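**Q** My questions all concern the structure below.
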Amino acid sequence: MIIYKDDDIILDTADYKLNLGILNFDDYKGVTEKKVKTENNSFDDSYVYSADTYQGYNPTITVIVRKVKRYEVIEAFRNGNRITLPKEPGKYREYYIDGAVQTVYYDSPEYVKLIIPVYFNAFIYKSGSEHINITKGTITTIKNIGNAHAEPKFIIKGNGTLRFNVNGVTNTLKNSNGGYIVICKNRKQNVTNLTGEYKNISSEYEGYYPKLNVGDNKIQLIDGESLEVEVTWRWKD
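Counting in the working numbering, the sequence shown runs from 260 upward without gaps.
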């Protein structure tokens with residue numbers, strides 16, 4: 260089991276040897292489509308499934324750990340936001356603790372059991388991102404190997420007005436001084452400069468949520484010096 264804070268590993272139980280073991284992960288449920296409330300003029304509440312949106316679920320992770328490692332494990336779970344389970348090497352889930360961690364004490368003076376309630380987001384991600392450089396003037400095909408749309412990051416460099424096209428939709432960024440980063444997350448996009456300072460999306464960006472669909476996607480750099488696509492593939496849980 261590996262726990263991360265974003266891209267940084269904060270706990271790897273491969274180093275624990277006999278200090279920790281996972282007892283169960285039995286209440287696995289999997290992803291479901293997300294319902295949203297619709298606007299209506301009646302007294303009845305109306306809900307529909309929002310297209311291509313999903314919600315996670317609440318399992319518990321139960322581990323046995325040496326008492327001397329108890330605090331370290333709990334703090335790692337509290338501070339982390341990604342986890343690789345032993346049965347899923349090379350992949351990770353996004354999570355957060357959702358409730359109080361329970362400690363069960365044994366007659367043994369060495370070990371305790373931790374019952375950790377978590378919330379898993381809707382997707383399983385491939386560990387490590389892919390970086391694809393787009394040559395100006397050519398159309399590059401990027402294949403999404405997952406079974407859900409991917410939310411990439413576009414790093415476009417240049418000055419003035421910059422343009423790139425994703426699956427027939429042109430994204431325009433204005434008043435560039437060196438370049439911009441377009442970050443897709445949770446079905447919307449944010450824009451920063453190359454140092455990570457957020458910019459006014461309403462005045463400096465024209466386009467719409469440049470996601471990568473399952474299968475082939477066509478990307479083109481129209482105006483700008485360079486374009487890099489950074490993407491992590493994901494699967495519905």
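All C-beta atoms in this analysis are idealised placements derived from N, C-alpha and C, irrespective of residue type, glycine included. Model, not experiment: these values are computed from the prediction.
Among the residues of its own chain, which have a CB less than 6 Å from the CB of L270, if the five just before and after it don't count?
**A** I262 and A335
**Q** Just list the residues that DSSP pairs I404 with in beta bridges.
**A** Checking the DSSP bridge columns, you'll see I404 has no partner listed.
**Q** Could you give the residue range of the alpha helix (DSSP H) that holds E525?
**A** Within the shown structure, residues of the chain are numbered from 260 to 496, placing residue 525 beyond reach of any answer.
**Q** So K350 is in the beta strand (DSSP E); what residue range does that whole segment cover?
**A** K350 to I356
**Q** In terms of DSSP beta bridges, what is G437 paired with?
**A** G417
**Q** Helix, strand or coil for Y313 per DSSP?
**A** strand
**Q** Determine the contact status of I440 and K412, defining contact as a CB-CB distance below 9 Å.
**A** yes
**Q** So, at 8 Å on beta carbons, what are the nonlocal neighbours of G315 in its own chain, with the 5 sequence-adjacent residues on each side left out?
**A** V290, Y378, F379, N380, A381 and D496
**Q** According to DSSP, is R493 part of a helix, a strand, or is it coil?
**A** strand
**Q** Kindly indicate the opening and closing residues of the alpha helix (DSSP H) around N338.
**A** K326 to N338
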